[in-house]
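In the order they appear, the protein sequences are chains A and B.
Residues 247 to 435, numbered by the numbering used here, are exactly what the first sequence covers, in order.
Residues 247 to 435, numbered by the numbering used here, are exactly what the second sequence covers, in order.
Cβ atoms here follow ideal geometry from the backbone N, Cα and C, with glycine treated the same way.
Model, not experiment: these values are computed from the prediction.
In what follows, a single structure is set out as C-alpha cells and then discussed.
Protein chains: 2
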Amino acid sequence: MLQDGAAPGACYFYYPRLVCVVGARDDGVPTTNLAPITWATPLSTDPPLFGICLSPQTHSHALVLRTGEFSVSYLPFAFASQVAAMGRVSGRSVDKARQFGIRLAEPTALATPWLADAYAAVECLLVDRHHFGDQTLLVGEVQAVHMATGAFDEDGVLRPEQVRALVYLGNRRYATLDVASVGQPEDGQ
Amino acid sequence: MLQDGAAPGACYFYYPRLVCVVGARDDGVPTTNLAPITWATPLSTDPPLFGICLSPQTHSHALVLRTGEFSVSYLPFAFASQVAAMGRVSGRSVDKARQFGIRLAEPTALATPWLADAYAAVECLLVDRHHFGDQTLLVGEVQAVHMATGAFDEDGVLRPEQVRALVYLGNRRYATLDVASVGQPEDGQ
Numbered sequence: 247m248l249q250d251g252a253a254p255g256a257c258y259f260y261y262p263r264l265v266c267v268v269g270a271r272d273d274g275v276p277t278t279n280l281a282p283i284t285w286a287t288p289l290s291t292d293p294p295l296f297g298i299c300l301s302p303q304t305h306s307h308a309l310v311l312r313t314g315e316f317s318v319s320y321l322p323f324a325f326a327s328q329v330a331a332m333g334r335v336s337g338r339s340v341d342k343a344r345q346f347g348i349r350l351a352e353p354t355a356l357a358t359p360w361l362a363d364a365y366a367a368v369e370c371l372l373v374d375r376h377h378f379g380d381q382t383l384l385v386g387e388v389q390a391v392h393m394a395t396g397a398f399d400e401d402g403v404l405r406p407e408q409v410r411a412l413v414y415l416g417n418r419r420y421a422t423l424d425v426a427s428v429g430q431p432e433d434g435q
Numbered sequence: 247m248l249q250d251g252a253a254p255g256a257c258y259f260y261y262p263r264l265v266c267v268v269g270a271r272d273d274g275v276p277t278t279n280l281a282p283i284t285w286a287t288p289l290s291t292d293p294p295l296f297g298i299c300l301s302p303q304t305h306s307h308a309l310v311l312r313t314g315e316f317s318v319s320y321l322p323f324a325f326a327s328q329v330a331a332m333g334r335v336s337g338r339s340v341d342k343a344r345q346f347g348i349r350l351a352e353p354t355a356l357a358t359p360w361l362a363d364a365y366a367a368v369e370c371l372l373v374d375r376h377h378f379g380d381q382t383l384l385v386g387e388v389q390a391v392h393m394a395t396g397a398f399d400e401d402g403v404l405r406p407e408q409v410r411a412l413v414y415l416g417n418r419r420y421a422t423l424d425v426a427s428v429g430q431p432e433d434g435q
C-alpha cells in the first residue's frame, strides 16, 4: 500500500543521516565557524575525496572558498543539544565554539581547527566545487584523519558499542543506533 | 586521547550511512539492475536534486548513462540479508530481483522500476554528472516520490517507530536506529 507518485519534496526520504560539523577558519574572532550538516558523502577512495553541501548564502561557504580548506568532525549522540543549537545561529554573529562549550583542536596537516570532542575528524583541502540547484558541493581531499582511541576497530570500522553515533531524522529530531541490532547478515542474522 | 594525524583512509569515518538501492533499467532480461549503495546525498531542495556515487566500472553506471534515469529505493532493516547479497554480485551475470526475491514496482513518472517493499522510493532523471577520483557522481532530479502508508508523518519525516531504517557500518555490518533514543534536544533531552 503506497502513496504513489507523490510530488518531489513530499517527504525527507533521505533521512536518517549521520551528522557532521563543518569547521571553517576565520581570520578574526572567532577563529573558526562551526556548521552542523548532514548533506555530505564520500566521493572517492583513491584519492580520498569527501563532499559537503553548503548554501552559497552561508557564512561557512564564504570562509571555505576564502581559505581553500575545511574540517569535518563527528560528535557523539551526547552532543545532540549543542549540535542542534549550533544549527540555529549564524557564525556571522556568534562565536559558536565559545557559546556552546565546544573545544577546538589543532590541525596537523592544514590550518583549520577541528573538534576535540569528536570521535573522528578529518582535515580537507578544497580541490573542486560545483553548484547544484540551491547548494554548492564543496569537494575536499582528506589530508589527515583524527580518531578517538578505541572508537574504530582494526579494520577502521566504527565500534558501535564504544561510540554512539549522532544521526538526524529531520524536523529537529536526533537519534542513535540500536547496538543490539548490529550484525553481519551472512552470519545468519 | 586521539590518534592524531593518521593517514587518509585510516578509518571509515563517514559511516554509519543509510542504505539505498539504485535501480537501473536494462533493455533485456533482467529488466532492472539493482545496486545497494550508501555513498549518496541530497544536493538541492529547489530543484530537488539527489546524487549517487557509482564506480564507472559497474554495470549500473553504464545503464544509468544509457537510459538517462535511475530509481532510488529504501528497504527496511528486515531486508539486510537481501541487500548484503545484492552487493556481492554483478547484474551483468545475475537477475538480482529474481534471485533475491525482490519485487519490482511500476514507475509513474519515468521508465525505471523501483522496489515494491521499499518504505520510500524516488524516480530520478539524470541531469548532470561529474567524475571525482575513482567514482562518478550521478545527479538526478526527483520526478516522483513513493511512500509506504504510515511511514512518514505529516511533515514528511520518517516515523522511526513505524519503519526500521537500514544503515551500514562498514565491513559488511548493518544496524538500525534505537527508537527510544529519538528526541528533539530543545525539548530537554
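From what residue to what residue does the beta strand (DSSP E) around residue i run?
| i | result |
| --- | --- |
| residue 290 (chain B) | 286 to 290 |
| residue 306 (chain B) | Counting along the chain, residue 306 (chain B) falls outside any beta strand (DSSP E), though it belongs to the alpha helix (DSSP H) covering 305 to 313. |
| residue 413 (chain B) | 413 to 416 |
| residue 408 (chain A) | From DSSP, residue 408 (chain A) is part of no beta strand (DSSP E); its letter is neither H nor E. |
| residue 335 (chain B) | Counting along the chain, residue 335 (chain B) falls outside any beta strand (DSSP E), and DSSP gives it neither H nor E. |
| residue 387 (chain B) | 381 to 394 |
| residue 421 (chain A) | 419 to 421 |
| residue 203 (chain B) | No statement about residue 203 (chain B) is possible, as the shown extent of chain B runs from 247 to 435 and does not include it. |
| residue 296 (chain B) | 295 to 300 |
Between residue i and chain B, is any beta-carbon pair separated by less than 8 Å?
| i | result |
| --- | --- |
| residue 247 (chain A) | Residue confidence is low: residue 247 (chain A) scores 39 on pLDDT, short of 50, so the model does not pin down where it sits. Its coordinate-derived value is still stated next. Interface residue, yes. |
| residue 333 (chain A) | no |
| residue 356 (chain A) | no |
| residue 322 (chain A) | no |
| residue 359 (chain A) | no |
| residue 327 (chain A) | yes |
| residue 371 (chain A) | no |
| residue 389 (chain A) | yes |
| residue 271 (chain A) | no |
In three-state DSSP terms, what is residue i?
| i | result |
| --- | --- |
| residue 375 (chain B) | strand |
| residue 344 (chain A) | helix |
| residue 427 (chain B) | helix |
| residue 323 (chain B) | helix |
| residue 274 (chain A) | coil |
| residue 432 (chain B) | helix |
| residue 280 (chain B) | strand |
| residue 369 (chain A) | strand |
| residue 351 (chain A) | strand |
| residue 256 (chain B) | coil |
| residue 265 (chain B) | coil |
Between residue i and chain A, is the shortest Cβ-Cβ distance under 8 Å, so that the two count as touching?
| i | result |
| --- | --- |
| residue 292 (chain B) | yes |
| residue 368 (chain B) | yes |
| residue 282 (chain B) | no |
| residue 435 (chain B) | Interpretation of residue 435 (chain B) is limited by its pLDDT of 40, a score under 50 that renders its predicted location unreliable; the figure taken from the coordinates is listed afterwards. Yes, its Cβ sits closer than 8 Å to a Cβ of chain A. |
| residue 306 (chain B) | no |
| residue 427 (chain B) | yes |
| residue 330 (chain B) | yes |
| residue 267 (chain B) | no |
| residue 256 (chain B) | yes |
| residue 345 (chain B) | no |
For the ligand HEM, is there any heavy atom lying closer than 7 Å to the beta carbon of residue i?
| i | result |
| --- | --- |
| residue 385 (chain A) | What this structure holds is no ligand at all, so the ligand HEM is not there to describe. |
Start and end of the alpha helix (DSSP H) containing residue i?
| i | result |
| --- | --- |
| residue 328 (chain B) | 326 to 332 |
Would you say residue i faces chain E, with C-beta separation under 8 Å as the test?
| i | result |
| --- | --- |
| residue 379 (chain A) | In the displayed structure, chain E is absent; the protein chains listed are A and B. |
Going along the stretch 395 to 420 of chain A in order, which residues come within less than 9 Å of chain B, judged by CB to CB distance? 395, 396, 397, 398, 399, 401, 402, 403, 404, 406, 410, 411, 413, 415, 416, 417, 418, 419 and 420
If you pair each beta-carbon of the stretch 393 to 402 of chain A with each one of the stretch 348 to 357 of chain A, do three or more pairs fall below 8 Å? no
Within 8 Å, do at least three Cβ pairs link the stretch 359 to 367 of chain B to the stretch 270 to 280 of chain A? no
Given 8 Å, three or more beta-carbon pairs between the stretch 382 to 396 of chain B and the stretch 292 to 301 of chain B: yes
Spell out a yes or no on whether the stretch 280 to 287 of chain A and the stretch 329 to 338 of chain A are touching, meaning 3 or more CB-CB pairs, one atom from each, closer than 8 Å. yes
Is the number of C-beta pairs between the stretch 408 to 427 of chain A and the stretch 315 to 331 of chain A that are closer than 8 Å three or more? yes
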